[in-house]
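Quick note on this note's numbering: the sequence shown kicks off at 20 and runs consecutively. Only one structure is covered here, and it is reproduced in the block below.
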Amino acid sequence: MPEEVHEHFMKGQHTMHHRSGLFNGIWSDMAIATTFMRYGHGQNGIIGITLRPETLKTWAYSMHACNKVVGNLDLMRDHEQQKCPSQTHHNEEMKARMKSDEEDRKHLREKLELCIDPLNNDL
């Protein structure tokens, strides 16, 4: 890999973000696909109306795909950056998630204690 490309790769410039944050990066093809999914399910979308190939083709071509996707990705990114601060911690590190996991382990332990121990011959 050329050094210049490697530097961009190591800086995370091979991913796109619908929202700012360390753990929100996705591959560019997935960003485009999820953007089209949002449009497909939106008010003027085709999901639920038809899945005929010719209709889908007409719908897709009518969107001026490249400009629309790039423009809206930029708008989403800018809007999200203004709306909420950058996420610097993974969801699994949040106190609420850790507490929830602790309670889940407790409930699992309680359920397992109600089960018959297959290694206990006294029962």
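Backbone N, C-alpha and C fix where the C-beta goes; we use that ideal spot for every residue, glycine too.
To the nearest angstrom, how far is the alpha carbon of residue i from that of residue j?
i, j, result
"residue 88", "residue 71", "23 Å"
"residue 129", "residue 34", "43 Å"
"residue 120", "residue 132", "18 Å"
"residue 21", "residue 137", "59 Å"
"residue 91", "residue 57", "11 Å"
"residue 23", "residue 73", "43 Å"
"residue 139", "residue 117", "33 Å"
"residue 28", "residue 107", "19 Å"
"residue 49", "residue 124", "34 Å"
"residue 75", "residue 93", "25 Å"
"residue 46", "residue 52", "10 Å"
"residue 134", "residue 25", "54 Å"
"residue 54", "residue 80", "15 Å"
Inspect the beta-carbon positions of residue i and residue j and report whether they are closer than 8 Å.
i, j, result
"residue 31", "residue 44", "yes"
"residue 109", "residue 42", "yes"
Could you tell me which residues DSSP puts in a beta bridge with residue i?
i, result
"residue 45", "35"
Can you tell me the Cβ-Cβ gap for residue i and residue j, rounded? I've got them flagged as a contact below 8 Å.
i, j, result
"residue 37", "residue 113", "That belief does not hold up - the Cβ atoms of residue 37 and residue 113 are roughly 20 Å apart, past 8 Å."
Please report whether the beta-carbon of residue i lies at a distance below 8 Å from any beta-carbon of chain D.
i, result
"residue 138", "In the structure shown, chain D does not exist; there is a single protein chain."
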